[in-house]
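Q:
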Amino acid sequence: SLGSSLFVFGGWDGKEALRTCLKLDVQRNEWASIAPMVSARQAMGCCVARGKFIYVMGGYDGSKNLNSMERYNTLTGAWNEVASMHNSRRGCAAVSYDEMAFAIGGSDSTGVLNSIECYHIYTNVWRCLPPMQVPRRLAGAAALNDAIYVLGGWDGVRALASCERFSISLEAWERCEPMAESRHGAAVVEVRDKVWVIGGWDGVSTARSNSV
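Each residue of the sequence shown is one higher than the last, beginning at 1 in UniProt numbering.
Here is the structure:
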């Protein structure tokens, strides 16, 4: 989301990955098509930076996992390819903080990843950071008070309830109190200095409960 608009990028229609994108004007309750992405992709990470750019990274195009990233300018309505990540990532979490965008976990052809990369918006360069303590795919992430919280996900065997926190200034990980329920594919958002975790899948059924 950005301002009073919600954006939907790509995805999977049951046959192929999509390039198409939509925008919902929340105040008018109206959907509109916007410019398609450069590459078709699903299961990618997305985050907003600098109040006008939306970064879409990684994912799966129907035949391979992707390391590419593209940027949508909400003022001009145009897409541009920017620097690619070091690692292909399907189902990665993404979050922005100051002038940085982070790609967290996901999976590639070798399995579920614990690695994390940081993209510097002004220099257009990716940098590898210390890995998470636990590999995670389809985890949720949020930035709060100089830290990135990574919650839940899938480790390749089971859904996770564990959480970890990355100090941006110290570049170090530490474990946090686990959630009450295991879940992956949950929505995660920071609101008023709290991190909210909504829904997800526990490996058996869709979670209806929320955690704060």
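Ideal placement from N, C-alpha and C gives every residue a C-beta, glycine not left out.
1. In terms of residue numbering, what span does the beta strand (DSSP E) encompassing L67 cover?
2. Does DSSP put Q133 in a helix, a strand or coil?
3. Is residue 215 near P130, with beta carbons less than 7 Å apart?
4. Which residue wins for smallest C-alpha separation from G156, given the options D202, N67, H86?
5. Once you ignore the five residues that flank P178 on each side, which residues in its own chain have a CB closer than 8 Å to its CB?
6. Where D193 and S63 are concerned, what is the direct C-alpha to C-alpha distance, given to the nearest angstrom?
7. Contact check, R158 vs S182 under 8 Å by CB: the rounded distance?
8. State the start and end residues of the unbroken beta strand (DSSP E) segment that holds W31.
9. Let me check one thing: in DSSP terms, what residues is C163 bridge-paired to?
10. In terms of residue numbering, what span does the beta strand (DSSP E) encompassing K23 cover?
11. Starting from the C-beta of R127, find all residues in its chain whose C-beta is less than 6 Å away, skip the five residues before and the five after it, and write them out in chain order.
12. Determine the contact status of V95 and I148, defining contact as a CB-CB distance below 7 Å.
13. So the candidates are V204, A141, G11; which of them puts its Cα closest to the Cα of I198?
14. So, is A187 buried or exposed, given that buried needs 16 or more other C-beta atoms within 10 angstroms?
15. What do you reckon, are the CB atoms on R137 and G153 nearer than 7 Å?
16. Buried or exposed for H86, going by 16 or more other Cβ atoms inside 10 Å?
A: Put simply:
1. With the sequence shown as reference, residue 67 is identified as Asn, and Leu is not the correct amino acid for it. Per DSSP, N67 belongs to no beta strand (DSSP E) and is neither H nor E.
2. coil
3. Because residue 215 is not part of the residues shown, which for the chain are 1 to 212, the question remains open.
4. D202
5. A161, S162, C163
6. 40 Å
7. 7 Å
8. 30-34
9. L151, C176
10. 21-25
11. C118
12. yes
13. A141
14. exposed
15. yes
16. exposed
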